[in-house]
Amino acid sequence: MDKFTRLTAIAAPLNVANVDTDKIIPARFLKTIKRTGLGKSLFADMRYNEDGTEKPDFVLNQEKYRKAEILVAGDNFGCGSSREHAPWALLDFGIRCVIAPSFADIFFNNSFKNGILPIVLPPEQVAKLMDDAALGTNARLTVDLACQMVVRPNGEEIPFDVDPFRKYCLLNGLDDIGLTLAHESAIATYEAKIPAWQPKLR
Amino acid sequence: MARTLFDKIWDAHVVDRMEDGTCVLYIDRHLVHEVTSPQAFEGLRTAGRKVRRVENTIAVVDHNVPTDADRLKGINEPESKLQIETLEHNVAEFGVPYFPISDARQGIVHVIGPEQGISLPGMTIVCGDSHTSTHGALGALAFGIGTSEVEHVLATQTLLQKPAKNMLVRVDGTLPQGCTGKDIVLAVIGKIGTAGGTGHVIEFAGEAIRALDMAGRLTVCNMSIEAGARAGLIAPDEVTFAYIKGRPLAPQGADFDKAVAYWKTLPSDEGAVYDKVVVLDAAQITPQVTWGTNPEAVMPITGTVPNPADEPDEAKRAQMARMLSYMALEPGQKLAGTKVDVVFIGSCTNSRIEDLRAAAHVARGRHVADGVRALVVPGSGLVKKQAEDEGIAQILIEAGFEWREAGCSMCLGMNPDKLTPGQRCASTSNRNFEGRQGPGGRTHLLSPAMAAAAAVTGVLTDVRELV
């Protein structure tokens, strides 16, 4: 997993509530055995016509947002399925940070596992950032994870909350499995106490 | 201190607790399918790790598999074929128990878990699939995870988690005739919204929940994710124990009695505190149908399509207009009488024997309307066989329904069963998102009896008029 420390980048505004994971990456693109290469299918049904040509109105098809690394979105972003293909597709496109008033739990969790920082801010703050994002290449947002601060193009600083453990993992690019294996003896102790009536599947 | 059902299961599975409250949570059952596991096994292989507990793990194919009778001759679609072959290679390499499509026990992962006795009260159960919440109906803490966490569970048999908040949804009273668990859960989502349960585990309780059979309870918990909840839970009781007894992978004999003694300690204590409480009166629930493109856009079949002009909030007004345009519905239009092209009875929400019986009860002596394609897709090979033995399959076949093999089928547009653009479908599945059942497809979620009613009339119909 790539580290996330400080990012200054173009932000794309996607002012829609309940952007579900079928919108982020429709199920027909999940038939892959890899994590990479999904960026071209990100938001496929919103982004492309049936013949595969781009819908010019969609935000990421506009020239100024093609290199966006931040997405400013509406309420309940990432609702629906548990598919990690959703953050994989965002990451493959180049998005490293999503800012919204709220997220669905599984998407929120999956993002951290892939070096994407999801930031929850009050609706009025998200509205300001949505306005900034509308300025396209004329305005860049800075997201500083260590300081837990989003900096607007006008210099205004907006603080955000982040779980300390997730922050630590993201800042250091740490993969959870290695950290959990440090608890190996506690896991083994737990397993020794599993009641004998609990059936084994093999 | 009085604890909830969720608190008790959580506490019993904490292996270790870190300073900031993050817990190493033990996982009793890990269900694996072909779509969300290939990258996880690849991760293990790259790191030289093993599956820590194959005895806690089971794999099955469901999302991608075709549901036609010829599927055992081979899968045509190359990407699906590769994903299925990859799973088969992985379970062989890592020694994971597996039900292939040639096995009568194959089926939708959330149908076979309870059916086989794999999912039991008090357990922690995970799967790389959001509808893992289904298993909560047995009184297990069951939730969907992403592929990174699938790898984490395979490698460590644990997850790093913080506890969710407790939410109680109590459904008092008696459900009217013609209504089911599906109508309860759609009504709940209509009331609390698609993010109403975010950050919470919902415990469903009350007289109307207690009165549901296990299939109805599985349906209710299945859709708790559509209310944004991390999981749904129903306290285990005699209905639960009777359901589990004798299932192949459940405890047997004296072990079953020991298990029941433990399971009886699980229900929430008197005086346990919930962070949020919602109460519904079952008597007020009517057969529900969704009209929009998320599950909270739901109303009684007797309702009329809302008018965006009546919505004061600008963003919601725009969203509603977008939904009506996508669904090709007019404000003020009655939902009943809306013509359907396809009827889908199946999915992890509603493909159990009880669901198929309810559909057959409506279909008996009637015929699928002209121009309607109606599919019945049993949730497992064993459900299919039971329905055939009971004569239900024959009733449905004679009524003109397609009788298919077990799989996720038309719930999610990943296998050959898909809507074509513009088609309108009465579906017993769980998501009515844009394009969910195939690009451009229009989904109305409803119960199996309501779906059968739509099939035989060709339009969305109040099933109470037919039974």
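Sequence lines, in order, name chains A and B.
Heads up: the first sequence runs through residues 136 to 337, numbered per our numbering.
Heads up: the second sequence runs through residues 10 to 476, numbered per our numbering.
We put the beta carbon where it would ideally sit given N, CA and C, even for glycine.
- By the beta-carbon neighbour count (other beta carbons within 10 angstroms, threshold 16), B:THR207 is buried.
- Counting only Cβ-Cβ distances below 8 Å, B:SER139 has contacts in chain A at GLY215, SER216, SER217 and ILE241, in chain order.
- C-alpha of B:LYS394 to C-alpha of B:LEU147: approximately 24 Å in a straight line.
- Residues LEU177 of the same chain have their beta carbon placed closer than 6 Å to that of B:VAL286, with the five preceding and five following residues left out of the count.
- At a cut-off of 8 Å between C-beta atoms, A:PHE300 counts as an interface residue with respect to chain B.
- For B:ARG239, the secondary structure class from DSSP, reduced to helix, strand or coil, is coil.
- In terms of CA proximity to B:ALA268, B:THR249 leads the group B:VAL282, B:THR249, B:GLU279 and B:SER277.
- A Cβ of chain B is located within less than 8 Å of the beta carbon of A:THR315.
- At least one CB atom of chain B sits nearer than 8 Å to the CB of A:SER237.
- Positions of the alpha helix (DSSP H) runs, each at least 4 residues long and wholly inside the stretch 182–225 of chain B, are given as 190–201 and 216–219 in order along the chain.
- Within the same chain, Cβ atoms closer than 7 Å to the Cβ of B:ALA164 are found at LEU53, ARG58 and ARG61, the five residues on either side in sequence being excluded.
- The beta carbon of B:ILE362 is closer than 7 Å to those of VAL392, GLN395 and ALA396 in its chain, skipping five residues each way along the sequence.
- Bounds of the alpha helix (DSSP H) holding A:CYS304 are 299–307.
- Contacts between A:TYR325 and chain B, judged by CB atoms closer than 7 Å, involve VAL24 and TYR35 in chain order.
- Listed along chain A, the residues sitting closer than 7 Å to B:ASP264 by beta-carbon distance are TRP332.
- For the pair B:GLN166 and A:ASN245, the Cα-to-Cα distance works out to about 18 Å.
- With a minimum length of 4 residues, the unbroken runs of alpha helix (DSSP H) contained wholly in the stretch 159–233 of chain A fall at 179–182 and 220–228.
- Taking CB atoms only, A:PRO191 has no neighbour in chain B less than 8 Å away.
- Closest in alpha carbon position to A:LEU225, among A:SER237, A:PRO236, A:ARG201 and A:ASP210, is A:ARG201.
- Listed along the chain, the chain B residues whose CB falls inside 8 Å of the CB of A:ILE168 are PRO47, GLN48, GLU51, LEU91, GLN92 and THR95.
- Bridge partners of B:HIS453 according to DSSP: B:ALA435.
- What A:LYS335 touches in chain B, judged by beta-carbon distance under 7 Å, is GLU64, going in chain order.
- Within the same chain, and ignoring the five residues on either side of B:GLU88 in sequence, no residue has its Cβ closer than 7 Å to its Cβ.
- Closest option to A:ILE293, judged by alpha-carbon separation, among A:ARG231, A:SER176, A:PRO257 and A:ILE145: A:PRO257.
- In terms of beta-carbon proximity, B:VAL44 lines the interface with chain A, with at least one pair separated by less than 8 Å.
- With the rule of 3 Cβ pairs closer than 8 Å, the stretch 207–223 of chain A counts as touching the stretch 143–162 of chain A.
- Contact between A:ASP137 and A:LYS158 fails: their C-beta atoms lie close to 25 Å from each other, not under 8 Å.
- The three-state reading of DSSP puts B:LYS393 in helix, counting H, G and I together.
- Under the three-pair Cβ rule at 8 Å, the stretch 184–199 of chain B counts as touching the stretch 297–312 of chain B.
- With the criterion set as a beta carbon lying under 7 Å from some beta carbon of chain A, the members of the stretch 124–154 of chain B are ILE127, GLY137, ASP138, SER139, GLY153 and ILE154, in sequence order.
- B:ASN175 sits in a strand when the DSSP states are folded into three classes.
- The shortest C-alpha to C-alpha distance from B:ILE134 to any of B:ASN85, B:VAL74 and B:VAL41 is the one to B:VAL41.
- Under DSSP, no beta-bridge partner is assigned to B:CYS417.
- Here B:TRP412 carries a strand assignment [DSSP, helix/strand/coil].
- The beta-bridge partner set that DSSP reports for B:ASP290 consists of B:ASP181.
- Rounded to whole angstroms, B:SER111 and B:ILE67 show a C-alpha spacing of 16 Å.
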